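Taking our numbering, I'd label the letters of the sequence shown as residues 838 to 1193.
Idealized CB from N, CA, C, for every residue including glycine.
Remember, predicted model here, so these are calculated numbers, not experimental data.
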Amino acid sequence: MSSTTDDGRPDHTRVTVHQFPATRVLSGRGACDLVADEAARTGARRVLLVATLSASVAAEAVAEALGPHLAARFDRPAPHTPVSVTTKAMELVHRTGADCVVAIGGGSAIGLSKALAARTGMPQVVVPTTYAGSEATPVLGETENGVKSTRRDLALTPGTVVYDPDLTLSMPSGLTRTSAMNALAHAVEALWAPDATLFTDALATEAVGGILSSLPEVLASPTDPDARARLQSAAWLAGTCLAQTRMGLHHQLAHVLGGAFDLPHAELHTMLLAPVMEFNLPAAPAAAARLTRAAGADPVAVVSALARAHEGPTTLRELGVDRSRLRGIAERVADAPYPNPRPLTADEVARLLDRI
Ligand code: NAD
């Protein structure tokens, strides 16, 4: 439920709690040049630099700026933070005496950073290159033997986040679209979350408006740094929403389907969002009003058009999902639903999945 009434006024009839993480956020073109100073600011002497191959140019520059404080480099983070990968990175930590992690990349690199912090308590300086939002959250999902387990601990929230839009210029259009839709989903679900506050409503509304206006600009001019900066800033707000509110049916479906079929994170979010909005919005009038204002039109139609224009897979079938298993997924979801504005039955979830 939104913390505001349908006409947008704060609802003071219930108590809300807001927990702010102690995070320092730098943002703007050239911010990545400050990463070595930011690492030094944490008191670090020996830095483990984690970076995906897609960020190798930026990583090279950061390595040079770190100079003698670079303890080691690790360039193979993997989606869903496999424990086997973390174990390899931990060997480097032990061997080199690293006391800080700098991670450059998408949610996979940042997941590894959190996993290392969980095991060592080391400070984290993270440089996101997608819009996934993990940098803003206290959540770590790790996989071992095909099973994903998630923990939430404020101490896992990276202490320093560096947003440099220049690092997003290289995102291909498919990743740009789907990663931005992933961010959009955080903000949309925050608007109907049971623990929404005036603060998260404001962030989520600004995030939705910012993503819906800047994503088409970025898709039209992928190397326009100003449009990229606007999209990245909106995604930052959306990531903060993910951290501050409990997610509902959309994220539950993404977690359950992603886990069951090992699906690409951002593409899955992209195809789920409009159908879930269509299902939930009749039961979330305050969220619907905010989304309609932010979209300037029917928000389901706007989100659906953005999703359908993706040049990669847009249906579960195209992702190779065995549809005969969807009934079982629907039952699992309905048996233990995440908090959702509209109560759901297995039949309803199955019907929803049928359309994706
Ligand atoms: P990702 O980090 O796996 O990156 C996807 C691909 O894009 C990779 O091949 C990567 O090398 C490439 N890439 C990244 N940035 C690029 C750039 N600027 N230019 C070109 N290529 C680039 O994917 P993601 O969507 O960022 O993150 C997904 C992962 O993050 C999942 O494991 C998900 O569970 C996790 N996640 C966790 C949280 C959380 O709060 N714990 C939140 C969101 C996502």
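- Task: Could you please give me the residues that DSSP links to Cys-937 through a beta bridge?
- Result: Val-884
- Task: Under 8 angstroms by Cβ, that's how I've got Thr-889 and Ser-971 pegged, so tell me the actual separation to the nearest angstrom.
- Result: Contact flag wrong, Cβ pair sits at about 13 angstroms.
- Item | Where Gly-944 falls: helix, strand or coil (DSSP) | helix
- Whole-Å CB distance - Leu-1086 paired with Asn-1177, under 8 angstroms assumed: 5 angstroms
- Counting only the same chain and skipping the five closest in sequence on each side, list residues whose C-beta sits under 8 angstroms from that of Ser-893. Asp-912
- Task: May I have the straight-line CA-CA distance separating Asp-1184 from Pro-1119, to the nearest angstrom?
- Result: 18 angstroms
- Which one or two residues does DSSP pair with Arg-989 in a beta bridge? Val-976
- Query: In this structure, does DSSP put Pro-1002 in helix, strand or coil?
  - Reply: Of the three classes helix, strand and coil, the one that applies to Pro-1002 here is helix, per DSSP.
- Task: For Val-964, write down the residues that DSSP places opposite it in a beta bridge.
- Result: Ile-941
- Span of the beta strand (DSSP E), counted from its first residue to its last, around Val-861: Per the sequence shown, residue 861 should be read as Arg rather than Val. Taken as a continuous stretch (DSSP letters only), the beta strand (DSSP E) holding Arg-861 covers 861-864.
- Taking DSSP as the reference, what is the three-state secondary structure of Phe-857? coil
- Message: So if DSSP puts Glu-981 in a beta bridge, which residue, or which two residues, is it bridged to?
- Response: Val-984
- Item | Euclidean distance between Cα positions of Pro-1002 and Gly-1047 | 15 angstroms
- Message: Please report the straight-line C-alpha distance between Glu-1026 and Gln-856, rounded to a whole angstrom.
- Response: 18 angstroms
- Got a sec? Which residues, its chain only, sit under 7 angstroms from Thr-1013 by beta carbon, not counting five neighbours each side? The residues are Val-1055, Leu-1056 and Pro-1059.
- Query: Would you report the Cα separation of Leu-885 and Gly-948, rounded to the nearest angstrom?
  - Reply: 14 angstroms
- Return helix, strand or coil for Thr-957, following the three-state DSSP convention. helix
- Kindly list the residues whose CB is nearer than 6 angstroms to the CB of Leu-1090, restricted to its own chain and excluding five residues on each side of it in sequence; keep chain order. Leu-1109
- Give the straight-line distance between the Cα atoms of Leu-1004 and Ala-902, rounded to the nearest whole angstrom. 17 angstroms
- Is there at least one non-hydrogen atom of the ligand NAD closer than 8 angstroms to the beta-carbon of Ala-1027? no
- Spatially closest choice to Ser-978 from Gly-1011, Arg-1160, Pro-919 and Ala-1134, by CA coordinates: Before going further, note that residue 978 is Gly rather than Ser in the sequence given. Closest option to Gly-978, Cα to Cα, is Pro-919.
- Message: Excluding the 5 residues flanking Ala-1144 on each side, which residues of the same chain have their C-beta closer than 8 angstroms to its C-beta?
- Response: Met-1018, Thr-1107, Met-1108, Leu-1110, Ala-1111 and Thr-1151
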